[in-house]
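Undergrad: Residues -23 to -1, 1 to 409 in mature numbering (1 follows the signal peptide of the UniProt record, and there is no 0) are what the sequence shown lists, from first letter to last.
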Amino acid sequence: MITKIKFYFTSFLILFCAANIQAAPKVVDGVAAIVNNNVILQSDIDEMLQNVKASTDPQNLPDDKALRHQIIERLINENLILQQAAKLNIKISEDDITEAIKSIAQKNNMTINDLRGYLASVGMSYNSYRHKISKELLIEQARMNIIKQRIMISDREVNNLANEIAKQPNKNREVNISHILIALPESPSKKQIEDANTKAQNIVDRLKKGESFAKLAATYSNDEKALEGGKMGWHKLNELPSIFEERLVRAQKNDIIGPIRSGVGFHILKVEGNHSEAPKIITIKEVNARHILIKTNVLVTDEIAKNKIQEIRQSIVNGSTSFASAAKLYSEDPGSADNGGELGWNNPNNFDSNFRAALLRLSKGEISQPVKSSYGWHLIQLMDSRNVDKTEDAKKDQAYRLIFNRKFGEELQVWIQELKGDAYIKIMGDDN
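(1) Report the three-state DSSP secondary structure of Leu389 (helix, strand or coil).
(2) Out of curiosity, what's the CA-to-CA distance linking Lys257 and Thr368?
(3) Who pairs with Phe243 in a beta bridge, going by DSSP?
(4) Flag this pair as touching only if the segment 179 to 190 and the segment 13 to 26 have three or more C-beta atom pairs under 8 Å; answer yes or no.
(5) If we ignore side chains and look at the alpha-carbon of each, how far apart do Met(-23) and Lys167 end up?
(6) Is it true that the segment 239 to 252 meets the segment 293 to 307, where meeting means three or more beta-carbon pairs spaced less than 8 Å apart?
(7) So what's Leu217 in DSSP terms, helix, strand or just coil?
(8) Per DSSP, what kind of secondary structure is Asn104 in: helix, strand or coil?
(9) Which residues does DSSP pair with Asn251 in a beta bridge?
(10) Which residue spans inside the segment 330 to 355 form an unbroken beta strand (DSSP E) run of at least 3?
(11) CB-CB under 8 Å to Leu38, same chain, minus the five flanking residues each way: which ones, in chain order?
(12) Do you know how far the Cα of Ile157 is from the Cα of Gly206?
(13) Compute the beta-carbon to beta-carbon distance between His268 and His355, rounded to the nearest angstrom, for a pair I have assumed lies under 8 Å.
(14) Among residues of its own chain, excluding the 5 on either side of Leu92, which ones have a beta-carbon nearer than 6 Å to its beta-carbon?
(15) Which residue from Arg107, Asp366 and Asn54 puts its Cα closest to that of Asp73?
(16) Let me know if Ser155 comes out buried or exposed under the rule of 16 or more other beta-carbons within 10 Å of its beta-carbon.
(17) Taking C-beta to C-beta, are Lys58 and Ile17 nearer than 8 Å?
(18) Just to confirm my understanding: we take Thr273, look at its own chain, exclude 5 residues before and 5 after, and list those with CB closer than 6 Å. What are they?
(19) Who are the Cβ neighbours of Lys285 in its own chain at under 6 Å, not counting the five residues just before and after it?
(20) Would the beta-carbon of Ala119 fall within 8 Å of that of Ile402?
(21) Following the continuous alpha helix (DSSP H) through Asn28, name the residue where it begins and the one where it ends.
(22) Note down, one range per segment and in chain order, each alpha helix (DSSP H) of at least 4 residues found wholly within the segment 169 to 208.
(23) Can you list, in chain order, the residues of its chain whose CB lies under 7 Å from that of Ala203, leaving out five sequence neighbours each side?
(24) Alpha carbon to alpha carbon, what distance is there between Ile357 and Ile116?
(25) Rounded to the nearest angstrom, how far is the Cβ of Gly210 from that of Asn153, given a contact under 8 Å?
(26) Ala228 by DSSP, collapsed to three states: which one?
(27) What number of angstroms, rounded off, separates the C-alpha of Gly242 from the C-alpha of Leu339?
(28) Starting from the C-beta of Val8, find all residues in its chain whose C-beta is less than 7 Å away, skip the five residues before and the five after it, and write them out in chain order.
(29) Throw me the rounded Cβ distance for the Lys185 and Ile233 pair, which I believe falls under 8 Å.
(30) Give me whichever residues DSSP pairs with Asn54 in a beta bridge.
(31) Alpha helix (DSSP H) containing Asn90: first to last residue?
(32) Can you tell me whether Pro236 is buried or exposed, with buried defined as 16 or more other CB within 10 angstroms of its CB?
(33) Since Thr75 is in the alpha helix (DSSP H), which residue starts that stretch and which ends it?
(34) Nearest to Ser198 by CA position, among Phe221, Val12 and Arg51, is which residue?
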């Protein structure tokens, strides 16, 4: 089952956070924290402090002391994840970095050259920017690789949720929420639990008196979205942790919910908005096609293969042979040649992009001109097409993605808790 996974990571990939780097004073660097055998430098904290202040409404930020504490916690988490990436030999290719930067440029309506110029104007080298992107991609990849291995999803879970979504409209509800986490260590003492609960309840009381959720999140939350004011954005109810879903089913905009106890701490939620989606009928176009393939190799050049396909096409068009006979005689696709080149009913998205594009331009019965794909040169005939109801498949696919996202979010918090519990962490000047 092909899924689009929603990542729960805080990205540094916001282009305009680079703008204040030019103003950073030159100071003697110092060690701010030790994380196992690695260190976090004071300059790392200063740089992120500038970026956060540049991109956040000052009314939603705590004082510098609290903000620095949040930044140190985030950098500690990132450092621990990068150490895991190194241990597992996870790598990010130069091509991956380039593609990510292209995507960032496009989202900012820029070309790569525009981006280079912008970075130069704010005093940041392109190589430094690539390094930052590489680090973000490595963190993302490490989290995905590791957390995926901790997630098990059964067919029964998927089917049950798909059926629930079909029967209960509120199961397709979406909520926009903000989140504060008051974290607990792996094996908390009774006093640690009581203190965390008291702290969480105090925050709830302050919220109900009208204090800013974003500012309190940036001050106290141990969640990775703390510096963004705790904003989690829009989510389907079913992809949120079960303990959240139960409390959010009937929640209204601006409701404050919590504290909610979980294995990682106490959670406080604010509902920023909600809506429900009406059930949709999902149809896709399927095609029944056949083809003849001539592959290229050391002896068969691109030109030879194309000319051969063109000759075969001419013999079919002038009636010297049939498409099926030519496929059986000449096609180098063993999976379809014996069937006269027939590929059966397929979603066009299953095919090579060039093959698909040529196929979708054909009318029923029409034979294409020679088409080049990553496999060689093809002759394609569209035999028929049809619209197929894929609503049930779409529901199962949605159910799988929702379950995965829910378990990913839950496991990610537990994993970070475990990493911290197993690590040696020393914050300079912290006597605790």
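Glycine included, each C-beta is placed from N, C-alpha and C at the ideal position.
TA: According to the structure data:
(1) The answer is helix: DSSP assigns Leu389 an H, G or I state.
(2) 8 Å
(3) Phe243 is bridged to Ile159 and Arg238.
(4) With a cut-off of 8 Å on Cβ pairs, the segment 179 to 190 is not in contact with the segment 13 to 26, counting fewer than three such pairs.
(5) With a pLDDT of 30 at Met(-23), under the threshold of 50, the modelled position of that residue is not reliable, and the figure given next carries that caveat. Rounded to whole angstroms, Met(-23) to Lys167 spans 44 Å at the Cα level.
(6) Contact between the segment 239 to 252 and the segment 293 to 307 is absent: fewer than three C-beta pairs spanning the two stretches fall below 8 Å.
(7) coil
(8) Here Asn104 sits in helix by DSSP.
(9) Val152
(10) 348 to 350
(11) Val29, Lys30, Leu44, Lys192 and Ala195
(12) 9 Å
(13) 5 Å
(14) Ala82
(15) Arg107
(16) buried
(17) Note that residue 58 corresponds to Ile in the displayed sequence, not to Lys. Cβ distance not < 8 Å, so Ile58 and Ile17 don't count as in contact.
(18) The beta carbon of Thr273 lies closer than 6 Å to those of Asp279, Ala282 and Gly353 in the same chain, with the five residues before and after it left out.
(19) Ile271
(20) no
(21) That run of the alpha helix (DSSP H) goes Gln19 to Ser32.
(22) 190 to 197
(23) Gln47, Ala194 and Ala195
(24) 44 Å
(25) 6 Å
(26) coil
(27) 59 Å
(28) Val16, Leu18 and Met405
(29) 6 Å
(30) In the DSSP output, where bridge partners are listed per residue, Asn54 has none listed.
(31) Taken as a continuous stretch (DSSP letters only), the alpha helix (DSSP H) holding Asn90 covers Ile89 to Ser98.
(32) buried
(33) Glu71 to Lys84
(34) The candidate whose alpha carbon is nearest that of Ser198 is Arg51.
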